[in-house]
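Encoded as structure tokens, the structure appears first; notes follow it.
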Amino acid sequence: MVRAITGGSFGDEGKGKITDLLASEADMVVRFQGGANAGHTIINDYGRFVLRQLPSGVFHRHTENIIASSTAFDAEVFFSELEMLKEKNVAPPHIKISSRVQLLLPIHKLQDKEEEKRLGKNAFGSTQSGIAPFYSDKYAKKNIQLSELYSDNLRDRIKRICEDKNTYFKAFYGIDDPISADKLAEYLHDLGERLKPYVCDCPRYLNKAVKSGKNILLEGQLGALRDTDNGIYPYVTSSSTLAGFGSVSAGIPPYEIRSVTAVVKAYSTCVGAGAFVGELLGAEGDELRRRGGDQGEFGANTGRPRRIAWFDCVAAKYGCMLQGATEAALTMLDVLGYLDKIPICTGYKINGRITDEFPETYLLDKAEPVYEQLAGWQCDISDIDDYEKLPAAAKSYVDFIEERIGVPVAMVSNGPKRNQILYRSNFNLM
61 MVRAITGGSF
71 GDEGKGKITD
81 LLASEADMVV
91 RFQGGANAGH
101 TIINDYGRFV
111 LRQLPSGVFH
121 RHTENIIASS
131 TAFDAEVFFS
141 ELEMLKEKNV
151 APPHIKISSR
161 VQLLLPIHKL
171 QDKEEEKRLG
181 KNAFGSTQSG
191 IAPFYSDKYA
201 KKNIQLSELY
211 SDNLRDRIKR
221 ICEDKNTYFK
231 AFYGIDDPIS
241 ADKLAEYLHD
251 LGERLKPYVC
261 DCPRYLNKAV
271 KSGKNILLEG
281 QLGALRDTDN
291 GIYPYVTSSS
301 TLAGFGSVSA
311 GIPPYEIRSV
321 TAVVKAYSTC
331 VGAGAFVGEL
341 LGAEGDELRR
351 RGGDQGEFGA
361 NTGRPRRIAW
371 FDCVAAKYGC
381 MLQGATEAAL
391 TMLDVLGYLD
401 KIPICTGYKI
411 NGRITDEFPE
421 TYLLDKAEPV
431 YEQLAGWQCD
441 ISDIDDYEKL
451 PAAAKSYVDF
461 IEERIGVPVA
471 MVSNGPKRNQ
481 ILYRSNFNLM
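Taken in order, the sequence shown gives residues 61 to 490; the numbers are from our numbering.
Put into structure tokens, the structure is as follows:
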């Protein structure tokens with residue numbers, strides 16, 4: 061069986077914990093898009109981890125972890141995370157990297173930094189991890205696939221890439237020759253030797269696994285509203301964040317994805333620029349940000365304060381629809397235990413008209429949130445180990461969200477640790 065786990069809104073929903081949890085029942089965890097620009101936070105018996113490049117199944121000794129073809133592969137982050145696992149006494153994980161994956165190079169990071177600087181006040185809030193330049197080069201056919209590190213034509217490819225990049229940097233940023241063909245060739249030769257033990261023909265490997273009945277978990281990065289095509293363009297990432305794209309990256313038939321778990325947070329958060337309906341800018345937002353997450357609401361990769369809002373049914377319903385969600389996982393419910401009343405956004409007022417349908421991006425700046433007030437439960441629920449033992453108000457909050465987003469909420473996270481999870485009757489493991 062193949063299951064995809066994806067973000068139902070803007071990202072930062074707590075996918076790392078849910079992926080780590082579901083990986084316990086998976087034979088394989090496949091990271092299928094994005095790069096090291098965002099992190100999945102996992103807290104387990106080994107400690108607290110932020111994974112940006114490694115799949116979230118690396119803590120399970122029985123699980124194979126695969127970096128699929130459409131990932132922006134940052135080898136430096138990959139090796140640093142392997143070293144981090146070693147330092148924390150985590151057993152060496154089973155890892156395979158698609159031979160068709162493309163390499164995110166230092167020049168991509170430099171271009172990302174220079175472009176944000178050039179844009180000034182119109183910058184996109186990039187993490188400057190090189191993601192947009194990487195994917196731009198990918199579709200311009202100017203990247204290097206992992207398999208090319210072992211090709212006799214590599215030197216010619218490097219020469220052409222350096223000529224193009226150096227011309228671009230001179231014209232746009234006034235920088236002369238930021239990249240040397242000889243130095244890049246030396247770097248890539250060494251990299252090829254280090255990566256050789258992990259290289260795999262992943263589409264063929266995964267298709268065999270599907271046919272043999274393996275349980276496969278496709279792990280996405282960020283959330284539906286950051287999808288390049290269907291998100292809040294241009295304030296999006298540079299790859300598709302949708303479950304359907306998992307079949308493309310993994311190279312398996314789309315009909316093999318039998319279930320999609322969309323992760324949504326019990327309130328809304330967002331990192332980066334662009335409209336964010338209902339954003340809490342004052343003390344109310346600061347309080348929720350301070351209480352949120354396991355160390356407050358700050359980007360797992362960047363450390364930037366996350367933008368905060370109450371749960372947005374309009375955005376989450378749209379995100380779950382895009383994902384084709386068969387179920388939802390609701391995280392961070394415990395964070396709201398300090399409130400006596402909890403606002404929840406059920407619609408947008410745009411040009412005098414109220415709608416519960418997520419609009420095109422250009423209308424979001426005009427959207428005003430329409431709230432309903434739900435009763436809070438005003439107690440700590442982090443020690444509860446059975447969903448039915450939750451306070452009635454907490455269960456009503458979950459039921460309300462489930463009805464408004466149109467997807468069954470199958471599990472509820474009531475704390476940052478792996479065992480702080482409450483299953484509902486409609487949940488099935490792989």
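Ideal Cβ positions, reconstructed from N, Cα and C, are used throughout, including at glycine.
Would the beta-carbon of Val89 fall within 8 Å of that of Ile157? For the purposes of this step, residue 89 is identified with residue 29 of the sequence shown, where counting begins at 1. For the purposes of this step, residue 157 is identified with residue 97 of the sequence shown, where counting begins at 1. For the 8 Å CB-CB criterion, Val89 and Ile157 do not form a contact.
If you drop the 5 nearest sequence neighbours on each side, which residues of the same chain put their C-beta closer than 6 Å to that of Ile167? Looking up residue 167 in the sequence shown gives position 107. Result list for Ile167: Lys225, Ile239, in chain order.
Three Cβ pairs or more, each shorter than 8 Å: is that satisfied between the stretch 327-339 and the stretch 290-297? yes
For Gln438 and Gly397, I'd like the C-alpha separation in whole angstroms. Taking the sequence shown and counting its residues from 1, one reaches residue 438 at position 378. Taking the sequence shown and counting its residues from 1, one reaches residue 397 at position 337. Spanning the two alpha carbons is a distance of roughly 5 Å.
Taking the alpha carbon of Ile536 as the reference point, which residue from Gly94, Arg112, Tyr247 has its own alpha carbon closest? Here the chain covers residues 61 to 490 and nothing more, so residue 536 does not appear.
Reduced DSSP secondary structure (H/G/I, E/B, other) of Met381: Your numbering for residue 381 matches position 321 in the sequence shown. Helix at Met381.
What does His154 pair with, by DSSP beta-bridge criteria? Position 94 of the sequence shown, counted from the start, is the residue given in the question as residue 154. Paired residues: Glu124.
Under the rule that 16 or more other beta-carbon atoms within 10 Å means buried, what is Pro257, buried or exposed? The sequence position of residue 257 within the sequence shown is 197, counting from 1. Around the CB of Pro257, fewer than 16 other CB atoms lie within 10 Å, so the residue is classed as exposed.
Proximity below 8 Å, CB of Leu434 to CB of Ile465: For the purposes of this step, residue 434 is identified with residue 374 of the sequence shown, where counting begins at 1. For the purposes of this step, residue 465 is identified with residue 405 of the sequence shown, where counting begins at 1. No. Outside cutoff.
Residue range of the alpha helix (DSSP H) that Val500 falls in? The question about residue 500 has no answer here: the residues shown for the chain are numbered 61 through 490.
Please classify Ser140 as buried or exposed, where buried requires at least 16 neighbouring CB atoms within 10 angstroms. Looking up residue 140 in the sequence shown gives position 80. So Ser140 ends up on the exposed side.
Across the stretch 197-217 and the stretch 148-156, are there enough close Cβ pairs to call them in contact, namely three or more that are closer than 8 Å? Output reads no: the stretch 148-156 does not touch the stretch 197-217.
Using CA coordinates, which residue listed in Gly95, Ala96, Asn97, Asp105 is at the minimum distance from Gln480? In the sequence shown, the residue the question calls residue 480 occupies position 420. It is Asp105.
Beta-carbon proximity check, Lys75 vs Arg478, cutoff 8 Å: The count along the sequence shown starts at 1 and reaches residue 75 at position 15. The count along the sequence shown starts at 1 and reaches residue 478 at position 418. Contact flag unset, no.
State the Cα-Cα distance for the pair Leu482 and Val430, rounded to the nearest angstrom. Mapped onto the sequence shown, residue 482 falls at position 422. Mapped onto the sequence shown, residue 430 falls at position 370. Their backbone Cα atoms lie some 30 Å apart in a straight line.
Is Asn267 helix, strand or coil when you go by DSSP? Numbered from its first residue, the sequence shown carries residue 267 at position 207. Three-state result, Asn267: helix.
From Leu170, Asp242, Leu251, Tyr228, pick the residue whose C-alpha is nearest to that of Leu206; which is it? Residue 206 sits at position 146 when you count from the first residue of the sequence shown. Comparing Cα positions, the closest option is Leu251.
For Leu393, count neighbouring C-beta atoms within 10 Å of its own C-beta (all shown protein chains included) and say buried if the count is 16 or more, exposed if not. By one-based count along the sequence shown, residue 393 stands at place 333. Flag for Leu393 reads buried.
Going by alpha carbons, who is nearest to Leu399 out of Lys409, Ala389, Ile441? Start at 1 with the first residue of the sequence shown, and residue 399 comes out as number 339. Residue Ile441 is the option with its Cα nearest to Leu399.
Spatial neighbours of Leu423 within its chain, please: C-beta separation below 7 Å, excluding the five flanking residues on both sides. Counting from 1 along the sequence shown, the entry for residue 423 is found at position 363. Excluding sequence neighbours, Leu423 sits near Ile410.
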